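Participant: Here it is, the structure in full.
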Amino acid sequence: MRKSPARFLSLIFIAVLLLPATLSLAQDEMAQPLIGSWETCAVPTNLPESVNIGAVFALSEAASVYGVAQQNAVQLAVDEINASHYLGEGTTLNVIFEDSAGNRDQAITAMTKLVEEDQVAAVLGPTLSSEAFGADPVAQENSTVVMGVSNTAIGITDMGDYVFRNSLAEAAVIPGTIAQATEQLGLTKAGLLYGNDDDFTVSGYEVFKEALEENGVEIVGEETFVKGDVDFNTQLTNLISAQPDAIVVSALAAEAVQIIIQTRAQGYAGPIIGGNGFNSPAVLRDSGADSEGLIVGGAWNYGNPNPTESSVAFVTAYEAAYESSPDQFAAQAYTGAWLLATAIRCGDSADRTAIRDALAGITDFDSPLGVFSFDENRDPLHDPIAQIVVEGKFQPLAVVMAEATAEATEESGG
Amino acid sequence: MDFFRSIGITEIVFQFMLVNSILGLSIYLTLYTGMFSLANAGFMAIGAYTGVILTQNFDLPLGVALIGGMILGGIIAIPIGFPVLRLKDIYLAIATIGFGEVVRILILNFDTLAESITGQEVKLTRGALGITGIPKITETWQLIVFLVVVAYFMIRLHRSRFGRAMAAIRQDEQAAANMGINVVYVKNTVFIMSAVLAAAAGVLKAHLTRTISPGDFGFDQAVSILAFAVLGGTSTWIGPIIGGFVLTALPEILRDFKQYRGIVNGSILLLVIVYLPGGLVNPAGWSRLWKRLRQSPEAGENHART
């Protein structure tokens, strides 16, 4: 609508003319991606012409904040895998996306469709942990690998030996975040706010509480809210009146924005430490300047000072394809798709059990998330990163604090 | 069978369809008696948790759990019904929404509450995380048998003296009372029957989804249950069954629409409500629609615009 129709049509015309040329260029010049076990595993020879994998993501309703980024990232990974012939010259990887709408019943039916009707080799997803508890057993019963790329609740991989996840559990991210924050900011008192009616926020709260106690931070107040709340002023007034050094919040993205805005509106300027739900560019965009000083632990950071080579390549490719920056959920979904492809390549089979065995054997896989391995419980092993919002962007906390110290020394020195 | 599978209705979808039609029937009973109650999600929660605790913590078979859940749902409905059913219309709806929330929050905090009373660690409802790892033991034939039994019960009920009393109360409560119908008795009995059905659906559903948490039985669920009955139509007992079937199957059948699924789904429901206000199973509504379409196609469009 912004462009005139004539210009738009001419652009299409040119694009159509150039299409064959660019396609062939892309095929010829597609450099070997920086991700993937190119050296350790030989080119597979026993694969069929096409291998189907499934993906159950929340592509509509509230949780689509995560699901759409996941779909984009998986599509990007699959396109790269096919363009670079990662599974051999004659094999294409197809992905069937199904929408769960963030609803458990639909996640179960979508998983059943993929595993029993479409006979996919493996499944990525579902987006929410509460969906996973209902849907993953369907895959487990059919001996099909299901890999959560955003499930962080406790007990996901206890559902069976075909259930994997590449998303760090809150239990793995939060202790590191709290330890780094306590060390860098010298916290002694903290107030806790959490949603008490959701798997994700409650397990986050439990880990936060334990981590704070472990680091010798006194909890001066605990307040709760429920999913869908929009007014947090009462809880925040109580917390702020106890004069904490930091307010620690376990909430999903939808509530996170209002909590940030209302905390700042009450005049509290100190750090807000959030769970995984805060780790999204959408939260920063919607809360604007109020998000300054928000501290979040994450599995992946866009502005990581020492990103892996594959992470840089992923960001470039994602931005070129979708004209927006990837978030942690995209990075995890992208890694998940590559992990499945690697299991298919290294096992040289599209058989469900062979994929499971090959996947469980993946160690020291160089991915955007860092050097990645599965532990014996099929949970991920890689380093989390503590991040703080500065000028509207997630920056690694250690880098920001080092800069601040350097500036302070300069000033006192000058 | 293959045809249904090809359009997206797998066995699990069919199972959800059956459960939801039972839920539709549970609210149909109260609607048929002129009571706008939204307590069914709460009773469903009571049934689901009771059933799961009976099968998981006491290793009882599903049949016993089903009866246990139904009995507890019915017992709890008695003290709730007496005060709440004095209310009418929207006030009754608000009060019963309140009941549903109380149930949900009690289940949410049950363990902490029990711990503070007994002083011992309690792990029964497991808070917001809910109960996971429930085996899937509800079979399709059990659901079909249950639904057939309930449908037979509905037919018998409508032909009985009690069923006529229900209809009379819906038409005019005062007139019914004047005719000698014990309005309080009929209303409370219907409320208990509705609660028992909702609780049964809860037990059966919990053993299909393998996990339950308090969030599954909130206001959303209460409204979904209402939608099954309203979309299907509340003039006969077939309506809620068809409503439950259609509302559950439609999103699955429309999976091929990918990202437009929600729009197509919503549009179809909107068209049904606009052109068939009495629900899908409503002969009068269909004949009215047929007449309108045959006489002047434009009239229908005008109606849609206003």
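As you go down the protein sequences, you meet chains A and B in turn. Just add 2 to the spot in the first sequence (first one is 1) and you have our numbering. Just add 1 to the spot in the second sequence (first one is 1) and you have our numbering. From the three backbone atoms N, C-alpha and C, an ideal C-beta is built for every residue, glycine too. Everything numeric in this text was worked out from a predicted model, so none of it was measured.
1) For A:Gln108, return the contacting residues in chain B, with the cut-off set at a CB-CB distance below 9 angstroms.
2) Once you ignore the five residues that flank A:Leu359 on each side, which residues in its own chain have a CB closer than 8 angstroms to its CB?
3) Between B:Ala207 and B:Val53, how many whole angstroms is the CB-CB distance? I'm expecting something under 8 angstroms.
4) Which of the three DSSP states, helix, strand or coil, is assigned to A:Met149?
5) By the 9 angstroms beta-carbon criterion, what residues does the stretch 118-131 of chain B contribute toward chain A?
6) What does a CB cutoff of less than 8 angstroms around B:Leu209 pick up in its chain, not counting 5 residues either side in sequence?
7) Starting from the Cα of A:Glu63, find the closest Cα among A:Arg106, A:Thr93, A:Asp377 and give me that residue.
8) Can the beta-carbon of B:Leu226 be found less than 8 angstroms from the beta-carbon of B:Gly25?
9) Looking only at DSSP bridge pairs, what is A:Leu280 linked to?
10) If you reduce the DSSP assignment to three classes, tell me which class A:Phe376 lands in.
11) For B:Leu209, does the three-state DSSP call read helix, strand or coil?
12) Given this structure, state the Cα-to-Cα distance separating A:Ile176 from A:Tyr196, to the nearest angstrom.
13) B:Phe17 CB to nearest chain A CB: under 8 angstroms?
14) Check whether the Cβ of B:Phe4 lies closer than 8 angstroms to any Cβ atom in chain A.
15) Out of B:Asp217, B:Asp60, B:Ser195, B:Thr119, which has the shortest C-alpha to C-alpha gap to A:Gln108?
16) For the stretch 146-163 of chain A, which residues have a beta carbon sitting closer than 9 angstroms to at least one beta carbon of chain B?
17) Could you compute how far the alpha carbon of B:Leu125 sits from the alpha carbon of A:Leu126?
18) Taking 8 angstroms as the cut-off, decide whether the C-beta atoms of B:Gln260 and A:Leu61 are in contact.
19) If we cut at 8 angstroms on Cβ distances, does B:Gln57 have a partner in chain A?
20) With a cut-off of 8 angstroms, do at least 3 Cβ pairs link the stretch 253-269 of chain B to the stretch 64-82 of chain B?
21) Can you give me the Cβ contacts of A:Phe59 inside the same chain, cut-off strictly under 6 angstroms, excluding the 5 residues immediately before and after it?
22) Indicate the three-state DSSP secondary structure (helix, strand or coil) for B:Ala49 in the structure shown.
23) Alpha carbon to alpha carbon, how far is B:Arg157 from B:Ile239?
24) What residues from chain B crowd round A:Thr114, counting only those whose CB sits closer than 7 angstroms?
25) Would you kindly report the start and end of the unbroken beta strand (DSSP E) that includes A:Leu126?
26) I'd like to know whether the C-beta of A:Val117 is nearer than 8 angstroms to at least one C-beta of chain B.
27) Got a sec? Which residues, its chain only, sit under 7 angstroms from B:Leu61 by beta carbon, not counting five neighbours each side?
28) Show which residues of chain A have a CB atom less than 7 angstroms away from the CB atom of B:Gly263.
29) Should A:Gly218 be listed as close to the ligand MN, given that the test is whether its C-beta is under 7 angstroms from any heavy atom?
30) In whole angstroms, what separates the C-alpha of A:Val148 from that of A:Phe166?
31) Is B:Tyr186 buried or exposed, if buried means 16 or more other CB atoms sit within 10 Å of its CB?
32) Beta carbons nearer than 8 angstroms to chain B: which residues of the stretch 78-102 of chain A have them?
33) How about A:Ser132: is its C-beta nearer than 8 angstroms to some C-beta of chain B?
34) Is it buried or exposed, A:Tyr270, if we count other Cβ atoms within 10 angstroms and call 16 or more buried?
35) Quick check: the Cα distance between B:Ile68 and B:Ala202, rounded to an integer number of angstroms?
36) Taking Cβ to Cβ, would you say A:Ala258 is nearer than 8 angstroms to A:Phe280?
Facilitator: In short:
1) Here residue 108 of chain A refers to the residue found at position 106 when the first sequence is read from its first residue. Within chain B, the residues near A:Gln108 are Pro252, Glu253.
2) As a first step, residue 359 of chain A is located in the first sequence; it is residue number 357 there, counting from the start. A small correction: the amino acid at residue 359 of chain A is Asp; Leu does not occupy that position in the sequence shown. Within the same chain, A:Asp359 has close Cβ partners Gly349.
3) Numbered from its first residue, the second sequence carries residue 207 of chain B at position 206. Numbered from its first residue, the second sequence carries residue 53 of chain B at position 52. About 5 angstroms; that satisfies the 8 angstroms criterion.
4) As a working mapping, residue 149 of chain A is identified with position 147 in the first sequence. Note: A:Met149 maps to strand in three-state DSSP.
5) Gly128, Ala129, Leu130, Gly131
6) Locating residue 209 of chain B in the second sequence gives position 208, counting from the first residue. Closer than 8 angstroms at the Cβ level, and outside the excluded window around B:Leu209, lie Ile13, Gln16, Phe17, Val20, Lys137, Thr139.
7) As a position in the first sequence, residue 63 of chain A is number 61, starting the count at 1. Considering only alpha carbons, the answer is A:Arg106.
8) As a first step, residue 226 of chain B is located in the second sequence; it is residue number 225 there, counting from the start. As a first step, residue 25 of chain B is located in the second sequence; it is residue number 24 there, counting from the start. Strictly speaking, residue 226 of chain B in this sequence is Ile, with Leu absent from that position. Yes. Within cutoff.
9) As a working note, residue 280 of chain A is residue 278 in the first sequence. Reading the sequence as shown, one finds Phe at residue 280 of chain A and not Leu. According to DSSP, A:Phe280 bridges with nothing at all.
10) The residue given as residue 376 of chain A occupies position 374 in the first sequence. DSSP places A:Phe376 in strand when its eight states are reduced to three.
11) Counting from 1 along the second sequence, the entry for residue 209 of chain B is found at position 208. Helix at B:Leu209.
12) Taking the first residue of the first sequence as position 1, residue 176 of chain A is located at position 174. Taking the first residue of the first sequence as position 1, residue 196 of chain A is located at position 194. Their Cα atoms are separated by approximately 14 angstroms.
13) Translated into the one-based positions of the second sequence, residue 17 of chain B becomes position 16. Closer than 8 angstroms: yes.
14) As a working mapping, residue 4 of chain B is identified with position 3 in the second sequence. No, no contact with chain A.
15) The residue you call residue 108 of chain A lines up with position 106 of the first sequence. The residue with the shortest Cα to Cα distance from A:Gln108 is B:Asp217.
16) Ala155, Ile156, Gly157, Asp160, Met161
17) Working through the second sequence from its first residue, we reach residue 125 of chain B at position 124. Working through the first sequence from its first residue, we reach residue 126 of chain A at position 124. Between B:Leu125 and A:Leu126, the C-alpha separation is close to 32 angstroms.
18) Locating residue 260 of chain B in the second sequence gives position 259, counting from the first residue. Locating residue 61 of chain A in the first sequence gives position 59, counting from the first residue. Contact: yes.
19) Counting from one through the second sequence, the residue named residue 57 of chain B turns up at place 56. No - not a single Cβ of chain A is within 8 angstroms of the one on B:Gln57.
20) no
21) Here residue 59 of chain A corresponds to residue number 57 of the first sequence, with the count starting at 1. Excluding positions up to five away in sequence, the list reads Gly69, Gln72, Gln73, Gly127, Thr129.
22) The residue given as residue 49 of chain B occupies position 48 in the second sequence. DSSP places B:Ala49 in helix when its eight states are reduced to three.
23) For this step, residue 157 of chain B is matched to residue 156 along the second sequence. For this step, residue 239 of chain B is matched to residue 238 along the second sequence. Distance between the alpha carbons of B:Arg157 and B:Ile239 is about 14 angstroms.
24) Counting from 1 along the first sequence, the entry for residue 114 of chain A is found at position 112. Going along chain B in sequence order, the residues near A:Thr114 (Cβ under 7 angstroms) are Thr11, Ile13.
25) Residue 126 of chain A sits at position 124 when you count from the first residue of the first sequence. From DSSP, the beta strand (DSSP E) with A:Leu126 extends over 124-126.
26) Reading the first sequence from its first residue, position 115 is the one you call residue 117 of chain A. So, not an interface residue.
27) Here residue 61 of chain B is taken as the residue at index 60 of the second sequence, counted from 1. Same-chain partners within the cutoff: Leu55.
28) The sequence position of residue 263 of chain B within the second sequence is 262, counting from 1. Neighbours of B:Gly263 on chain A, chain order: Ser62.
29) Of the ligands one can find in the structure shown there are none, so the ligand MN has no counterpart to examine.
30) Counting from 1 along the first sequence, the entry for residue 148 of chain A is found at position 146. Counting from 1 along the first sequence, the entry for residue 166 of chain A is found at position 164. Approximately 6 angstroms, taken between the alpha carbons.
31) The residue labelled residue 186 of chain B in the question sits at position 185 within the second sequence. With fewer than 16 Cβ atoms within 10 Å of its Cβ, B:Tyr186 is classed as exposed.
32) Phe99, Glu100, Asp101
33) The residue given as residue 132 of chain A occupies position 130 in the first sequence. Chain B contact via Cβ: present.
34) Along the first sequence, read from residue 1 onward, the residue named residue 270 of chain A stands at position 268. Result: buried.
35) The count along the second sequence starts at 1 and reaches residue 68 of chain B at position 67. The count along the second sequence starts at 1 and reaches residue 202 of chain B at position 201. The straight-line gap from Cα to Cα measures roughly 11 angstroms.
36) One-based indexing of the first sequence puts residue 258 of chain A at position 256. One-based indexing of the first sequence puts residue 280 of chain A at position 278. Closer than 8 angstroms, so yes.
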